[in-house]
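Residue numbers (full-length UniProt numbering): 1 to 125.
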């Protein structure tokens, strides 16, 4: 049985205990509500982060494609440079041959040119 002050027969304040338990339950409920709110905000943030990571992943794929294209271009340029080097070597050889031909023709025509100059100096009339 309880006394007029709300104490049970063993000296326990039942009304005070119920108030404290009720207050603890209300505090726990508020805390759980706050935790739920924070968890919801974290979930929303994680969803946004996932969306951003998806866009970043797509950009990385485009970047990888760009790098592949660039690598192909570098390989093409390397091929062209190799061809130019071979062409330069071929041109050098061609110029050497043309130089030899000019020297040979000059050597062959030197006597004729000398004779022409002598004949040009003679007056026939």
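C-beta: ideal position from N, C-alpha, C; glycine also.
As the structure is a computational prediction, the values presented were derived from the model and not from experiment.
Residue 108 and residue 96 have their C-alpha atoms roughly 18 Å apart. With a minimum length of 3 residues, there is no unbroken run of beta strand (DSSP E) contained wholly in the segment 6 to 71.
Assignment of residue 121 by DSSP, reduced to helix, strand and coil, places it in the coil class. Straight-line measurement puts the Cα of residue 14 at about 25 Å from the Cα of residue 31.
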